[in-house]
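Everything below concerns the one structure shown next.
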Amino acid sequence: MSAVPQTVARLIDEFSRLPGVGPKTASRLTYFLLRQPPEQSRALAEALIEMKERTRFCSICYNITEDDPCPICHDENRQTGAICVVEEPLDVLALERTREFKGRYHVLHGAISPVDDIGPDDLRIRELVERAKDPAVREIILATNPSLEGEATAMYLQKQLLPLGVRVTRLARGLPVGGDLEYADETTLIRALQGRSEM
Ligand SMILES: [Zn+2]
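Numbers in the working numbering are just positions in the sequence shown, counted from 1, shifted up by 33.
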């Protein structure tokens with residue numbers, strides 16, 4: 034017989050699957066919830082289920098949204114001439130916080146990484162190329178992470194996009210190499226956006 038009831042062990046196991054949560058943190062979260070009133074666990078469970086049921090990908094930019102198209106694609110005050118390409122939805126949030134960029138986005142949902150067996154077809158690249166064919170689109174800003182995978186993805190995108198006659202730019206250096214866009218502070222991001230260069 035285990036000292037941990039099976040239902041408790043199951044929750045610890047589920048928490049352990051989350052990024053950045055080790056077995057110790059998973060146990061701490063579980064035993065915290067055990068000590069709290071039942072309403073707290075119910076609210077957490079409902080939030081999890083609603084989040085999955087109510088959200089989907091925007092059919093234009095592939096950001097996560099409750100409404101399709103998403104509020105950014107839907108916003109007529111945003112410029113249609115510039116598309117900023119990012120790896121993850123959290124990168125959109127980071128760039129939006131700068132209030133510097135007034136165009137639209139495109140979320141790839143990852144980066145090319147042969148080690149992890151992620152190729153161009155696993156990302157929303159074909160959809161981006163289709164969007165770039167719209168004559169209203171004049172600039173594509175490649176804002177993939179300044180990591181090996183992010184750079185490889187930017188190079189690949191450049192090759193796909195340049196023949197379409199669209200201007201392709203890349204965020205300026207100044208972003209920490211090997212870092213994640215979502216962790217960059219606003220000043221660094223604003224500078225990187227302003228100093229973007231032709232690819
Ligand atoms: Zn959208």
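Note that beta-carbon positions come from the ideal geometry of N, C-alpha and C, so glycine has one too.
Cα-Cα separation between residue i and residue j, rounded to whole angstroms
{"i": "Ser60", "j": "Ala80", "result": "21 Å"}
{"i": "Arg137", "j": "Pro56", "result": "40 Å"}
{"i": "Arg43", "j": "Pro122", "result": "29 Å"}
{"i": "Phe90", "j": "Asn96", "result": "5 Å"}
{"i": "Cys103", "j": "Asp154", "result": "23 Å"}
{"i": "Ile158", "j": "Ala76", "result": "37 Å"}
{"i": "Glu231", "j": "Arg200", "result": "7 Å"}
{"i": "Gln191", "j": "Thr40", "result": "50 Å"}
{"i": "Glu47", "j": "Asp149", "result": "23 Å"}
{"i": "Leu126", "j": "Gln69", "result": "32 Å"}
{"i": "Ala176", "j": "Met84", "result": "27 Å"}
{"i": "Arg164", "j": "Ser49", "result": "39 Å"}
Exposed unless 16 or more other CB atoms sit within 10 angstroms - verdict on residue i
{"i": "Phe134", "result": "buried"}
{"i": "Asp124", "result": "buried"}
{"i": "Tyr216", "result": "exposed"}
{"i": "Ile145", "result": "buried"}
{"i": "His139", "result": "buried"}
{"i": "Ser92", "result": "exposed"}
{"i": "Leu51", "result": "exposed"}
{"i": "Ile18", "result": "Here the chain covers residues 34 to 232 and nothing more, so residue 18 does not appear."}
{"i": "Leu161", "result": "buried"}
{"i": "Ser35", "result": "exposed"}
{"i": "Thr10", "result": "Not covered by the structure: residue 10. The range shown for the chain is 34 to 232."}
Contacts around residue i, its chain only, beta-carbon distance under 6 Å, and the 5 residues preceding and following it disregarded
{"i": "Leu66", "result": "Ser74"}
Proximity to residue i [Cα-Cα], best of the options
{"i": "Pro38", "options": "Leu161, Thr63, Gly53 and Pro52", "result": "Thr63"}
{"i": "Lys166", "options": "Leu194, Pro179, Ala225 and Ile174", "result": "Leu194"}
{"i": "Ile223", "options": "Gln191, Arg164, Thr131 and Ile116", "result": "Thr131"}
{"i": "Glu182", "options": "Arg111, Asp213 and Glu86", "result": "Asp213"}
Chain-order list of residues whose beta-carbon lies under 8 Å from that of residue i (same chain, five-residue window excluded)
{"i": "Gly114", "result": "Gly136, Ala169, Val170, Arg171 and Glu172"}
{"i": "Glu120", "result": "Val140, Leu141, His142, Gly143, Ala144, Thr177, Asn178, Gly183, Thr186 and Leu214"}
Close Cβ partners of residue i (< 7 Å) along its chain, the five nearest in sequence each way excluded
{"i": "Arg87", "result": "Glu99"}
{"i": "Arg111", "result": "Ile105, Lys135, Gly136 and Arg137"}
Q. Taking any heavy atom of ligand 1 as the mark, which residues have a C-beta closer than 6 Å to it, listed down the chain?
A. Answer in sequence order: Cys91, Ile93, Cys94, Asn96, Pro102, Cys103, Ile105 and Cys106.
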